[in-house]
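Chemist: Note that the protein sequences, when read in sequence, are chains A and B. Count the first sequence with this note's numbering and you get residues 2 to 439, in order. Count the second sequence with this note's numbering and you get residues 3 to 625, in order. Built from N, CA and C at the ideal position, the CB exists for glycine as well. Model, not experiment: these values are computed from the prediction.
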Amino acid sequence: MADQNPKDPKPKGVKPAMPPGVRPAGPKGVKPAMPPGVKPAGPKGVKPAMPPGVRPAGPKGVKPAMPPGVRPAGPGKKPAMPPGVRPAGPGKKPAMPPPGGGDGAPRGLTRQDFATDQDVRWCPGCGDYAILATVQRLMPELGVPRENVVFISGIGCSSRFPYYMNTYGMHSIHGRAPTIATGLKAGRPDLDVWIITGDGDGLSIGGNHLIHLMRRNVDVQLLLFNNQIYGLTKGQYSPTSEFGKVTKSSPYGSIDYPFNPISLVLGAEATFVARTMDRDPKHMKGILRQAHNHRGASFVEIYQNCNIFNDGAFFQFTEKDAKPDTTIFLEHGKPMTFSRGRKGIRLNGLQLEVIDLTDGAWSVDDCLVHDETSREQATILGRLFQQPGLPRPFGVFYRELRPTYDELLQGQIEDVTRRKGPGDLEALLRAAETWEIH
Amino acid sequence: MSDHPQAPEKHVEDLPEATILFAGDSGDGMQLTGSQFTLATAYAMNDLATLPDFPAEIRAPAGTTYGVSGFQLHFGSVHIRTPGDEVDLLVAMNPAALKVNLRRVRRGGAIIVNVDAFEEKNLKLAGYESNPLEDGSLKGYHVIPIELTKLTREALKDSGLNQKEIDRSKNMFALGLALWLYSRPIEPAIEWLSRKFAKKPDVREANLQVLKKGYHYGETTEQFAVRYQVPPAKLKPGTYRAIRGAEALALGLLAAGQKSGLPLFYGSYPITPASDLLHELSRLKNFGVMTFQAEDEIAAVGAAIGASFGGNLGITGTSGPGVALKTEAIGLALMLELPLVVVNMQRGGPSTGLPTKTEQSDLLQAMYGRNGDAPLPIVAASTPGDCFEAAYEACRIAATHMTPVILLADGYLANGAEPWLIPDLDRLIPFRPPFVARPNHESNGHEAFLPYARDPETLARPWAKPGTPNLEHRIGGLEKQHETGNVSYDPDNHQLMTRLRAEKVERVAREFPPTEINGDPEGDLLVIGWGSTRGSIEAAVESARKRGQKVSSLHVRYLNPLPPDLGEIFSRFERLLVPELNNGQFVRILRDRFLLPFVPLNKVQGLPFKTSEITAKIDEMLT
Ligand code: SF4
Numbered sequence: 002m003a004d005q006n007p008k009d010p011k012p013k014g015v016k017p018a019m020p021p022g023v024r025p026a027g028p029k030g031v032k033p034a035m036p037p038g039v040k041p042a043g044p045k046g047v048k049p050a051m052p053p054g055v056r057p058a059g060p061k062g063v064k065p066a067m068p069p070g071v072r073p074a075g076p077g078k079k080p081a082m083p084p085g086v087r088p089a090g091p092g093k094k095p096a097m098p099p100p101g102g103g104d105g106a107p108r109g110l111t112r113q114d115f116a117t118d119q120d121v122r123w124c125p126g127c128g129d130y131a132i133l134a135t136v137q138r139l140m141p142e143l144g145v146p147r148e149n150v151v152f153i154s155g156i157g158c159s160s161r162f163p164y165y166m167n168t169y170g171m172h173s174i175h176g177r178a179p180t181i182a183t184g185l186k187a188g189r190p191d192l193d194v195w196i197i198t199g200d201g202d203g204l205s206i207g208g209n210h211l212i213h214l215m216r217r218n219v220d221v222q223l224l225l226f227n228n229q230i231y232g233l234t235k236g237q238y239s240p241t242s243e244f245g246k247v248t249k250s251s252p253y254g255s256i257d258y259p260f261n262p263i264s265l266v267l268g269a270e271a272t273f274v275a276r277t278m279d280r281d282p283k284h285m286k287g288i289l290r291q292a293h294n295h296r297g298a299s300f301v302e303i304y305q306n307c308n309i310f311n312d313g314a315f316f317q318f319t320e321k322d323a324k325p326d327t328t329i330f331l332e333h334g335k336p337m338t339f340s341r342g343r344k345g346i347r348l349n350g351l352q353l354e355v356i357d358l359t360d361g362a363w364s365v366d367d368c369l370v371h372d373e374t375s376r377e378q379a380t381i382l383g384r385l386f387q388q389p390g391l392p393r394p395f396g397v398f399y400r401e402l403r404p405t406y407d408e409l410l411q412g413q414i415e416d417v418t419r420r421k422g423p424g425d426l427e428a429l430l431r432a433a434e435t436w437e438i439h
Numbered sequence: 003m004s005d006h007p008q009a010p011e012k013h014v015e016d017l018p019e020a021t022i023l024f025a026g027d028s029g030d031g032m033q034l035t036g037s038q039f040t041l042a043t044a045y046a047m048n049d050l051a052t053l054p055d056f057p058a059e060i061r062a063p064a065g066t067t068y069g070v071s072g073f074q075l076h077f078g079s080v081h082i083r084t085p086g087d088e089v090d091l092l093v094a095m096n097p098a099a100l101k102v103n104l105r106r107v108r109r110g111g112a113i114i115v116n117v118d119a120f121e122e123k124n125l126k127l128a129g130y131e132s133n134p135l136e137d138g139s140l141k142g143y144h145v146i147p148i149e150l151t152k153l154t155r156e157a158l159k160d161s162g163l164n165q166k167e168i169d170r171s172k173n174m175f176a177l178g179l180a181l182w183l184y185s186r187p188i189e190p191a192i193e194w195l196s197r198k199f200a201k202k203p204d205v206r207e208a209n210l211q212v213l214k215k216g217y218h219y220g221e222t223t224e225q226f227a228v229r230y231q232v233p234p235a236k237l238k239p240g241t242y243r244a245i246r247g248a249e250a251l252a253l254g255l256l257a258a259g260q261k262s263g264l265p266l267f268y269g270s271y272p273i274t275p276a277s278d279l280l281h282e283l284s285r286l287k288n289f290g291v292m293t294f295q296a297e298d299e300i301a302a303v304g305a306a307i308g309a310s311f312g313g314n315l316g317i318t319g320t321s322g323p324g325v326a327l328k329t330e331a332i333g334l335a336l337m338l339e340l341p342l343v344v345v346n347m348q349r350g351g352p353s354t355g356l357p358t359k360t361e362q363s364d365l366l367q368a369m370y371g372r373n374g375d376a377p378l379p380i381v382a383a384s385t386p387g388d389c390f391e392a393a394y395e396a397c398r399i400a401a402t403h404m405t406p407v408i409l410l411a412d413g414y415l416a417n418g419a420e421p422w423l424i425p426d427l428d429r430l431i432p433f434r435p436p437f438v439a440r441p442n443h444e445s446n447g448h449e450a451f452l453p454y455a456r457d458p459e460t461l462a463r464p465w466a467k468p469g470t471p472n473l474e475h476r477i478g479g480l481e482k483q484h485e486t487g488n489v490s491y492d493p494d495n496h497q498l499m500t501r502l503r504a505e506k507v508e509r510v511a512r513e514f515p516p517t518e519i520n521g522d523p524e525g526d527l528l529v530i531g532w533g534s535t536r537g538s539i540e541a542a543v544e545s546a547r548k549r550g551q552k553v554s555s556l557h558v559r560y561l562n563p564l565p566p567d568l569g570e571i572f573s574r575f576e577r578l579l580v581p582e583l584n585n586g587q588f589v590r591i592l593r594d595r596f597l598l599p600f601v602p603l604n605k606v607q608g609l610p611f612k613t614s615e616i617t618a619k620i621d622e623m624l625t
């Protein structure tokens, strides 16, 4: 609601039910764990660091198909790359920033360096503020020179975001940010490109672009602020609004069945799929950092409260009292437990089920161990969506290393150039049957 | 003939020009036959123009009229400007091809038919109630029935190929025969076949055999008393090649990239007749050309805009329906004031319209088809070879004036071919985009970057590439504050920016060369054209002038802004005629601008003008 603050905020009549007797959760346990032996990822655009929790590609046998003329990668070392693909090669590589302060910030940049002089014009209390603050705090730690960072957005409340980031940015048109980001990144692989979108922008009008961005694996971060409502247009149901939702455009209840964004992008061959929430900045920051360090298209769904048109849509997951029993925080290599260790998740056939870890019947050893690299498991976890009795997962669902679109595109150019030699226009003009007239 | 080893001497007749049309099923290889005949004609040093005409269906049912594919070629020792009004020789591979194309054949013209195909089933498929070869309906034409299928089968009976493969070679028989008939060299086709089937020696041998068989058939048969010869044309000296518009356009874009140092990014979604441009450019990887086959038309233009934001030259190509989808994004580029070239290979409309037919009906879409006051420069190509220069100009304007530019070509230009004097690259004027590396403003000792501070001459804004320190800035589709580029809802600012955007486009005209007049600088009638009608218009004007009429023509390349000298030129003529392949579009723009009584001449049949259609209108206006 950046353009005109809504004058008629209607508080939601229906509050999500809180499970009784739930005590507030401690802030602990949401730190994304770094599996042993994995080097912390380096800053994007600087070095192709292996993101935490990712086993090197190759030995798993999931070799990505290569276009013809593309050599397979060396044994097991790196994600398979086509020839000529520079691992952030010289020339286009952003200058490695000098070591910064204690937080690793380049040139001593701080959060303030990433803020602009523009007034932030979201409604007071909007979840977008927390996301902006988190991103601004994260940026100095990523080690990317400010001038190499670009934020691209579409239309909607969330899409005002680039105006508040003192980087390069574009506030484009409705739903099309992924297209612009694709062209930008394809031509400028050296840039660190972020897409800001919402549930209407990204899943409705721009749904087509979102899925194609994912399958192509363009090396960008896409943050989808999901508030399950159209905010900027003042409160119509969105493609993630729950079935039956009463809004201005659905006075008798919405008859649209909602998307499950995680399942959607997994189906679109996404290589990084995560979910976080506006009310947990620490978790959000960890997830965004991993998204940034992932080489490829990173999809991060952020549950974001629109306190004006859809207040409390996610309170059942985000509020202290309810959170422990309604959410589960995924950590690679760790057994899936929640409710402060009192409950776990077990795989029974193809179904997930909650097990009680307190009565001796089940132990942590019975819990499913999270494996971010398993597409099958991610698919099942993604279905933890509106399933009664089961918690909602947050964290990284899935991660896979696959050559990125921008690498492949530039790699193909380099490969063909190497094979054919740099193009000669003069010769090309004559590359046909020619004849002389005297 | 065996007792006549020496074939009877044929009478050779000189022709100044001729038009030939190959027509058959879309599976009969008529486009290949036509382009090989074109190549041989280029070797014979004739001027030429071609008109491929193929069905929208890829493989329409064999034998039907809607499956007919044709290739028309007009060539001569004189200046050839159009694919020919009337056909002198029709080669019809089946009844449907005859049915569809007979109306194009000149009275008294020749028709070679494959008699073997004129059997009951094919006649019925073509909608003939009786056999036109027998019922007298072809009276007045010189019909030459040839057993193409049978002769081909005979020639290849020992080839080892199967019946289907054998029958597929019969177009080579027709080609050989046509080459002989017009005294064209057979060597280019031999070379081409040898290359094309280098890996399939049996198919290569079969085709070569049939091609030669066709050539010699003309020599030996008594069906042809006369053989023709078309002497070389007087063309400007230099090195020539045959070129299609799609190829020339791709080369023009490439030249612009090289002369400006801008890497090209081409985003496109497959669409007839623009796909060939994507095919051409996607092969140019070793020139650094980036091509992106997008998920839809919108993504294609969006990616091009993103590429331009990154400092590349973003280009997108499509046809009318695709431009409709790109409209909002083009408006964004206009607001962002970033370079963008939108190529519209126009086709018959509205809606899906006539995908494989040519038309000029997207001019008003280019001119006005955006929300808000959104003017942008429009450039039109006028011949297949001219696509090169038009593309270069579109890129130059886009990158130096920081604006989207629409480049109008059409299906006829994209697929049509002509001999092309290979341009001298050194004569192309290089251009430099307004890149900035440093802040462009200082206040209170602080340096700042104003993304919308304009060049005083062109009003173009600076182009700051991401990655440049201290020029971080945000742009978007919301109205911008003058100079700072910040979002602004200020009423006066909106008016100012609207005016500046319009003025910026108007100033592009300052760089236009003087408009050339074809004919005398004054007279009774001026024919005003744009786009692919150039050949027909100039041929019509030439013919009118020969008949003593005081007629001239001019062709407008820059459709927006219009060249500044037009008004003065118009004042020197009594009457003004505007022929267009649409229902009257440019004529409206001209009337609106000049308030003069422009007379329209409109043809909306998916086909180019015949010269005679324009001369008839000229006659009508001058009597
Ligand atoms: S999302 Fe809701 S609360 Fe946030 S700015 Fe938009 S309308 Fe206001």
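Give me the residue from B:L153, B:T84, B:N103 and B:G111 with the minimum Cα distance to B:V117.
Modeler: The sequence position of residue 117 of chain B within the second sequence is 115, counting from 1. The shortest C-alpha separation from B:V117 is found at B:L153.
Chemist: Counting only runs that start and end within the stretch 231-275 of chain B, where is the alpha helix (DSSP H) found for 4 or more residues in a row?
Modeler: If we require 4 residues or more, the alpha helix (DSSP H) runs fully inside the stretch 231-275 of chain B come out as 247-262.
Chemist: Quick check: is the beta carbon of B:H443 nearer than 8 angstroms to any beta carbon in chain E?
Modeler: No chain E is present in this structure, whose protein chains are A and B.
Chemist: Just grab the DSSP bridge partners of B:K506 for me.
Modeler: Residue mapping note: residue 506 of chain B aligns to position 504 of the second sequence, counting from 1. BP columns for B:K506 are empty, so no partner.
Chemist: Report yes or no: do three or more beta-carbon pairs, one from the stretch 209-228 of chain A and one from the stretch 264-273 of chain A, lie closer than 8 angstroms?
Modeler: yes
Chemist: For B:S363, which of B:N133, B:G374, B:V553 and B:Q607 has the nearest alpha-carbon?
Modeler: Taking the second sequence and counting its residues from 1, one reaches residue 363 of chain B at position 361. With distances taken between Cα atoms, B:S363 lies closest to B:Q607.
Chemist: Check whether the Cβ of A:I309 lies closer than 7 angstroms to any heavy atom of ligand 1, and answer yes or no.
Modeler: On the first sequence, residue 309 of chain A is found 308 positions in, with the first residue counted as 1. Distances taken from the Cβ of A:I309 to the heavy atoms of ligand 1 include one shorter than 7 angstroms.
Chemist: Can you tell me where the beta strand (DSSP E) holding B:N373 begins and where it ends?
Modeler: In the second sequence, residue 373 of chain B corresponds to position 371, counting from 1. First-last for B:N373: undefined, no H or E at that position.
Chemist: Name, please, each residue of chain A whose Cβ falls closer than 8 angstroms to the Cβ of B:L237.
Modeler: Looking up residue 237 of chain B in the second sequence gives position 235. Within chain A, the residues near B:L237 are I438.
Chemist: Taking DSSP as the reference, what is the three-state secondary structure of A:R343?
Modeler: Along the first sequence, read from residue 1 onward, the residue named residue 343 of chain A stands at position 342. Residue state, collapsed to three classes: coil.
Chemist: Unbroken beta strand (DSSP E) runs of length 3 or more, entirely within the stretch 275-299 of chain B: which are they?
Modeler: 292-295
Chemist: Step through the CB atoms of chain B and report whether any lies within less than 8 angstroms of the CB of A:Q1.
Modeler: The structure shown does not extend to residue 1 of chain A, since chain A spans only 2 to 439, so no value can be given for it.
Chemist: I'd like to confirm something about A:G232: is its beta-carbon nearer than 7 angstroms to some heavy atom of ligand 1, or not?
Modeler: Sequence index remark: in the first sequence, residue 232 of chain A carries index 231 (1-based). For ligand 1, at least one heavy atom lies less than 7 angstroms from the Cβ of A:G232.
Chemist: Heavy atom of ligand 1 less than 7 angstroms from the Cβ of A:N228, yes or no?
Modeler: In the first sequence, the residue the question calls residue 228 of chain A occupies position 227. Checking the Cβ of A:N228 against ligand 1 gives yes.
Chemist: Please classify B:I620: is it buried, with 16 or more other beta-carbons within 10 angstroms of its beta-carbon, or exposed?
Modeler: Walking along the second sequence from the start, residue 620 of chain B turns up at place 618. Of the residues assessed, B:I620 falls on the buried side of the cut-off, its CB having 16 or more other CB atoms within 10 angstroms.
Chemist: Under a CB-based cut-off of 8 angstroms, is B:T40 close to chain A?
Modeler: Numbered from 1 along the second sequence, position 38 holds the residue referred to as residue 40 of chain B. B:T40 does not count as touching chain A.
Chemist: Determine the direct distance from the alpha carbon of A:C158 to that of A:H172, and round the result to whole angstroms.
Modeler: What you label residue 172 of chain A is simply residue 171 of the first sequence in a count that begins at 1. What you label residue 158 of chain A is simply residue 157 of the first sequence in a count that begins at 1. Approximately 11 angstroms between the Cα atoms of the pair.
Chemist: Per DSSP, which one or two residues make a beta bridge with B:Q626?
Modeler: The requested residue 626 of chain B does not occur in the structure, where chain B is confined to residues 3 to 625.
Chemist: Rounded to whole angstroms, what's the CA-CA distance from B:P234 to B:R186? Just pull it up for me.
Modeler: Position 232 of the second sequence holds residue 234 of chain B. Position 184 of the second sequence holds residue 186 of chain B. Rounded to whole angstroms, the gap between the alpha carbons of B:P234 and B:R186 is 11 angstroms.
Chemist: Between A:K286 and chain B, is the shortest Cβ-Cβ distance under 8 angstroms, so that the two count as touching?
Modeler: Numbered from its first residue, the first sequence carries residue 286 of chain A at position 285. A:K286 does not count as touching chain B.
Chemist: Restricting to Cα atoms, I'd like to know which of A:N308, A:G383 and A:N149 is closest to A:A271.
Modeler: Residue mapping note: residue 271 of chain A aligns to position 270 of the first sequence, counting from 1. Cα-wise, what sits closest to A:A271 is A:G383.
Chemist: What number of angstroms, rounded off, separates the C-alpha of B:S217 from the C-alpha of B:L210?
Modeler: Within the second sequence, residue 217 of chain B is the residue found at index 215, counting from 1. Within the second sequence, residue 210 of chain B is the residue found at index 208, counting from 1. In the sequence under discussion, the amino acid at residue 217 of chain B is Tyr, which differs from the Ser named in the question. Computed Cα separation, rounded: 11 angstroms.
Chemist: Where does A:V145 fall in DSSP's three states?
Modeler: Working through the first sequence from its first residue, we reach residue 145 of chain A at position 144. The answer is coil: DSSP assigns A:V145 none of H, G, I, E or B.
Chemist: Got a sec, what are the start and stop residues for the alpha helix (DSSP H) B:T613 sits in?
Modeler: Start at 1 with the first residue of the second sequence, and residue 613 of chain B comes out as number 611. B:T613 -> alpha helix (DSSP H) spans T613 to L624.
Chemist: Rounded to a whole number of angstroms, what is the C-alpha to C-alpha distance between B:V80 and B:Q33?
Modeler: Residue numbering aside, residue 80 of chain B sits at position 78 when the second sequence is read from its first letter. Residue numbering aside, residue 33 of chain B sits at position 31 when the second sequence is read from its first letter. C-alpha separation (whole angstroms): 25 angstroms.
Chemist: CB of B:C397 to nearest heavy atom of ligand 1: below 7 angstroms?
Modeler: Translated into the one-based positions of the second sequence, residue 397 of chain B becomes position 395. Because no heavy atom of ligand 1 lies under 7 angstroms away, the Cβ of B:C397 does not count as near it: no.
Chemist: Exposed or buried, which one is B:N373 when buried takes at least 16 other CB atoms within 10 Å?
Modeler: Locating residue 373 of chain B in the second sequence gives position 371, where the first residue counts as 1. So B:N373 ends up on the exposed side.
Chemist: Let's see if you can read the secondary structure: which residues bound the alpha helix (DSSP H) around B:R206?
Modeler: Taking the second sequence and counting its residues from 1, one reaches residue 206 of chain B at position 204. Where B:R206 is concerned, the enclosing alpha helix (DSSP H) stretches over P203 to T222.
Chemist: What residue ranges within the stretch 295-329 of chain A form continuous alpha helix (DSSP H) runs of no fewer than 4 residues, ordered along the chain?
Modeler: 316-319 and 324-327
Chemist: So, at 7 angstroms on beta carbons, what are the nonlocal neighbours of A:I346 in its own chain, with the 5 sequence-adjacent residues on each side left out?
Modeler: In the first sequence, residue 346 of chain A corresponds to position 345, counting from 1. Here the set comprises I329, M337, L353, V355, C368 and L369.
Chemist: Give me the chain B residues within the contact set of A:H172, using Cβ-Cβ distance strictly less than 9 angstroms, ordered along the chain.
Modeler: For this step, residue 172 of chain A is matched to residue 171 along the first sequence. Neighbours of A:H172 on chain B, chain order: R476, I477, G478, G479, L480 and V489.
Chemist: For the stretch 588-609 of chain B, list every residue whose C-beta sits within 8 angstroms of some C-beta in chain A, in sequence order.
Modeler: none
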